[in-house]
Amino acid sequence: MSALTLKLRFAPPVRLNLSALVPGRLTGMSLAEICALPVSGGRQPLSVGECFEVSGSPGEVLRLEGGSDRFDYVGADHAGGEIVVEGAVGAYAGRRMKAGKLDIRGDAGDCLASNLRGGLVTVSGSAGCHLGLPKPGEKDGMAGGTVIVQGDTGEFPGERMRRGLLLVKGRLGENSGARMMGGVIWAEQGLSRGAGAQMRRGTLIGPMVETPLATFADCGELDLLIVRIMDRHWREQLGESAPPAITGPTRRLMGDMASLGKGEILLTQS
Amino acid sequence: MSEEKVTSNEAIVRSGIAIDDTFAEAFGMSASGVVITADSAKWAQQSAVTMTGFGTSVIGCGAECGIDHEVAASDTPDGRPGVRVLVFGFAPDMVEEQLKNRVGQCVLTSPGSACFNGVEAGQKIGLSSGPRFFGDGWQTARKLGDKRYWRVPVMDGEFIIEDKVGVVTDAVGGGNFLVIGRDRVGVLETCELAVEAIAKVPGVITPFPGGIVRSGSKVGSKYGAPASTNDAFCPVLRGAVSSNLGPEDNCVLEIVIDGLTSEAVGQAMTAGLAAALEAGQSRNVTRISAGNYGGNLGQHHYHLKDYLP
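Top to bottom, those sequences are chains R and H. The end of the first sequence is residue 862 by my numbering, with every number in the run present. The end of the second sequence is residue 597 by my numbering, with every number in the run present.
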């Protein structure tokens, strides 16, 4: 499997837009052409070649060695293959990604997986605020795919989420699933305040919720079949990265009744 | 199945049972299937039996239905024991309508049941398009991968039903053979064992009661009905009509086979014939034949001699 490696020469003096660096766009390009690609405009225009040492050949794997919180739009519109970032990334990583894998071995900035459509985004560190948030004028947040964050997230994770799975191993930020329309947010450490505010549909799962909103109806403890189906599906899809198996009944809070009210918070037995 | 000889009329004789040199005439059909799960194998089976009731003939029942096989809990989407049911009809839209009604009345209503796609095929038809609206607006969907599941609130929890099922348009309906013998008990026991053998072949059903038909039909009727009794195989009319029965042929029962593929029907014919020949020799079975319409109506012809074990 051919791979292209870009090694960071120096800490970027300005924010870099790395949206051009996805395997699908680089296919067929020579190293010289890749080096000439612009990654920053304005008064300090920079090219790939000025910022990175480029080696290998474009193929299914793209490796960024040396991350920075100024790396914006890493893996934007990624549609197949794998991108590995050895370090942090900035805002909008994985935006509108459709397929493939984006492996961030560090922290991610704000608006990770904005309007994600498919594929798998993994973050070994923590993620910033507004995970999945669409840009102004767009309807959906995460609309598919899977995001796994090993660390914590900032506020408003999964806002306006429509489909897919957001799995957070650390602490999930406040106001998770706000205005959610579908999909699943799974918080292994529990849900913080404001969870599910104005959610219409969708599912939030965790062992506890901090100060549940008064606009959620307590349906009691239930043995829900859909939990088994989700569990089996993710175990097949994600293997060891899958959310922990749910044993026993779950307590169902249905809401947000201040909105459509067909969403739910499922509290597992911790 | 020791001896084998060819009689003057070219029927093959095995273990004293003559196999007519004829063929079963079968038709192209559309077919789909569901996997029904429940809290126990008993209740999955109960739901499947209810759903496949009144599903013997596509002409009178709208569909031909049957249980294909049990599905282990490890192979079902929800990890519970399941049963695969197949439904055959003339066209995909006909199958869809039958699924909607049968699942809505017989699976949705069955305690603890869930209903999933049972046939992987490129073409899909709706499964939940009727039953999910029982939720009266409280139903919600969950999409996992490329599958969408509907959650319908019911009194024992939620009824889970997959949104779409696969449908195949090159299925086969009407594979068959006739077991002929001196008495009804022996022929019936022989057919029961043949149906048991066919049940082990995946992708086929025997839609009639217990898999066995006693009212084989011919095309047309003096009353205008599409089909009527197959008088040539009725022992009580022997001598009065151009009978196909010998002097000792006092009972005829038919086994009809529908399959998702022609190959599956062929395998089922072989399995059924093998069991019938083995069981029939001690149960006064004299002949095995097959039903056809002269070969002009059905696209699929299964010559008995080609499917002997």
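Where is the CB? At the ideal position from N, CA and C, for every residue including glycine.
Cross-chain neighbours of residue i in chain R, by beta carbon under 8 Å
| i | result |
| --- | --- |
| H/Glu-408 | Those do not exist, as H/Glu-408 stays about 15 Å from chain R at its closest Cβ, beyond 8 Å. |
Buried/exposed call for residue i, threshold 16 Cβ in 10 Å
| i | result |
| --- | --- |
| R/Pro-637 | exposed |
| R/Glu-854 | The question names Glu, yet the displayed sequence has Lys at residue 854 of chain R. Buried, by the Cβ-count rule. |
| R/Arg-635 | exposed |
| H/Glu-291 | Low confidence applies to H/Glu-291: its pLDDT is 44, below 50, so where it sits in the model is not reliable, and the reading given next is rough at best. By the neighbour-count rule (16 or more Cβ atoms within 10 Å), H/Glu-291 is not buried but exposed. |
| R/Ala-787 | buried |
| H/Trp-426 | exposed |
| H/Lys-293 | Since pLDDT at H/Lys-293 reaches only 43, below the 50 mark, its modelled position is unreliable, and no value is offered. |
| H/Pro-495 | buried |
| H/Met-263 | Any answer about residue 263 of chain H is impossible in this case: the structure gives chain H only from 289 up to 597. |
| H/Arg-302 | buried |
| H/Phe-376 | buried |
| R/Arg-601 | exposed |
| H/Asn-584 | exposed |
| H/Val-529 | exposed |
| H/Pro-514 | exposed |
| R/Gly-842 | Looking at the sequence shown, residue 842 of chain R is not Gly but Thr. The residue in question, R/Thr-842, is buried, as its Cβ has 16 or more Cβ neighbours within 10 Å. |
| R/Glu-828 | exposed |
| R/Ala-719 | buried |
Residue-chain proximity (residue i, chain H), Cβ-Cβ < 7 Å
| i | result |
| --- | --- |
| R/Arg-793 | yes |
| R/Lys-854 | yes |
| R/Arg-752 | no |
| R/Ile-626 | no |
| R/Arg-825 | Looking at the sequence provided, one finds His at residue 825 of chain R rather than Arg. Judged by the 7 Å Cβ criterion, R/His-825 is in contact with chain H. |
| R/Ile-797 | no |
| R/Ile-777 | no |
| R/Ile-871 | Residue 871 of chain R falls outside the range modelled here, since chain R spans only 593 to 862, and no answer is possible. |
| R/Ile-821 | yes |
Cβ of residue i within 7 Å of any chain R Cβ
| i | result |
| --- | --- |
| H/Leu-432 | yes |
| H/Ala-402 | yes |
| H/Gly-367 | yes |
Contacts of residue i in chain H (Cβ-Cβ under 8 Å)
| i | result |
| --- | --- |
| R/Ile-818 | Arg-430, Tyr-437, Arg-439, Glu-446, Ile-448 |
| R/Leu-814 | Gly-445 |
Chain-ordered neighbours of residue i on chain H, where CB pairs are closer than 7 Å
| i | result |
| --- | --- |
| R/Ile-857 | Within 7 Å Cβ-Cβ: nothing; R/Ile-857 doesn't reach chain H, min ~14 Å. |
| R/Leu-712 | What R/Leu-712 touches in chain H: nothing, since even the nearest Cβ is about 12 Å away. |
Chain-ordered neighbours of residue i on chain H, where CB pairs are closer than 9 Å
| i | result |
| --- | --- |
| R/His-722 | Those within 9 Å of R/His-722 in chain H number zero; the least Cβ separation is about 23 Å. |
| R/Arg-755 | Lys-431 |
| R/Gln-564 | For chain R, the structure presents residues 593 to 862; residue 564 of chain R sits outside this window and is missing. |
task = Evaluate the contact criterion for the stretch 729 to 741 of chain R versus the stretch 752 to 759 of chain R: three or more CB pairs, one atom per stretch, below 8 Å.
result = yes
request  = Taking only runs that begin and end inside the stretch 760 to 798 of chain R, name each unbroken beta strand (DSSP E) of 3 or more residues, in chain order.
outcome  = 773 to 779, 793 to 798
request  = Could you tell me whether the stretch 696 to 714 of chain R touches the stretch 672 to 688 of chain R, using the rule of 3 or more Cβ pairs below 8 Å?
outcome  = Cβ pair count under 8 Å is three or more, so yes.
message = Counting beta carbon pairs with one atom in the stretch 843 to 858 of chain R and one in the stretch 540 to 548 of chain H, are three or more of them shorter than 8 Å?
response = no
query = Given 8 Å as the limit, is there contact between the stretch 481 to 500 of chain H and the stretch 587 to 595 of chain H, that is, 3 or more CB pairs closer than that?
reply = These segments do not touch.
ask   = Are the stretch 313 to 321 of chain H and the stretch 453 to 461 of chain H touching by the rule of at least three beta carbon pairs closer than 8 Å?
value = yes
key: Any 3 or more C-beta pairs closer than 8 Å across the stretch 404 to 414 of chain H and the stretch 438 to 453 of chain H   = At 8 Å Cβ cutoff, the stretches touch.
Three or more C-beta pairs below 8 Å linking the stretch 464 to 475 of chain H and the stretch 525 to 544 of chain H = yes
inquiry  = List, from N- to C-terminal side, the beta strand (DSSP E) runs of 3 residues or more that fit wholly inside the stretch 323 to 393 of chain H.
reply    = Qualifying beta strand (DSSP E) stretches, in chain order: 352 to 359, 370 to 377.
query = Three or more beta-carbon pairs under 8 Å between the stretch 598 to 613 of chain R and the stretch 638 to 649 of chain R, yes or no?
reply = yes
Inside the stretch 613 to 641 of chain R only - alpha helix (DSSP H) runs reaching at least 4 residues = 615 to 618, 623 to 627
ask   = Where in the stretch 407 to 491 of chain H do unbroken runs of the beta strand (DSSP E), each at least 3 residues long, occur, reported from the N-terminal end onward?
value = 412 to 414, 428 to 432, 435 to 442, 445 to 450, 452 to 469
inquiry  = Across the stretch 382 to 390 of chain H and the stretch 411 to 431 of chain H, are there enough close Cβ pairs to call them in contact, namely three or more that are closer than 8 Å?
reply    = Yes, the stretch 382 to 390 of chain H touches the stretch 411 to 431 of chain H.
key: Sufficient close CB pairs (3 or more, under 8 Å) joining the stretch 741 to 751 of chain R to the stretch 763 to 775 of chain R   = Touching, yes, given that three or more Cβ pairs across the two stretches are closer than 8 Å.
request  = State whether the stretch 700 to 710 of chain R contacts the stretch 721 to 736 of chain R, with contact taken as three or more CB pairs (one from each stretch) at a distance under 8 Å.
outcome  = Counting Cβ pairs under 8 Å, three or more are found: they touch.
Segments of 3+ residues assigned as beta strand (DSSP E) that fall wholly inside the stretch 664 to 714 of chain R = You should have 671 to 678, 691 to 696.
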